[in-house]
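Trainee: Before I ask anything, here is the structure I am working with.
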Amino acid sequence: KGEVSSYIRKLQRIGLVIKEIPVTEGITSKRGRYRIADNFTNFWFRFVYPNLSMIEEALYELPKRDYEAYLGRVFERIAEEYVKEKYTVNKIGRFWWKDIEIDLLALGGENVAGECKWSENVNPKELLHALKQKLKAVGVEVDRFILFAKSFSRQEEEAELVDLNELNEWYKGALRPRT
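The number in this note's numbering is simply the position in the sequence shown, starting from 1, with 10 added.
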């Protein structure tokens, strides 16, 4: 155990790995999960490195299902950046407890809870209902709900809906020089 943790600490120190803890926990929480910090390195170790010989022989085709799951995690991080910029929050991240996982929970200033689905035609009513059930089960109250998806099948009055078009507009605005 000690030997592995020293390697993890070294990887953290050079910025390859970060420890993710539930947003409601303190920095010393034992419930942390480690993940590769940047998308490029994560992609390399998830898809390229384990299949290098097949790639060199032109025999490897990226499994669509695995790639979509990978993009789902990237999408969650983009959603987090969106919320950080749009709302006044002190802490933001994921939350998990037992079998409950909330993709995005932002605390301080405004408390915001969100879910991210890397899917099209998502039913926001169902997604919002599931999010509310999760929040109720863990005893967390929020001021606002925000849902992210490639696209939604309908409107939902109780939550802010952010699809790829909305994220694209936000991103374009973020690139404009501030005057």
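All C-beta atoms in this analysis are idealised placements derived from N, C-alpha and C, irrespective of residue type, glycine included. Since we're looking at a predicted model, the values are computed, not measured.
1) For residue 107, which beta-bridge partners are listed by DSSP?
2) Grab me the residues of residue 174's own chain with a C-beta within less than 6 Å of its C-beta, minus the 5 sequence neighbours each way, in chain order.
3) For residue 43, which three-state DSSP category applies?
4) Which of the three DSSP states is assigned to residue 169 in this structure?
5) Just mark residue 123 as buried or exposed, buried being the case when its beta carbon has 16 or more other beta carbons within 10 Å.
6) Quick check: residue 134 and residue 86, are their CB atoms within less than 8 Å of each other?
7) Who are the near neighbours of residue 144 in its chain, counting only those whose CB is closer than 7 Å to its CB and skipping five residues on each side?
Mentor: So, to answer that:
1) 110
2) 160
3) strand
4) coil
5) buried
6) no
7) 110 and 112
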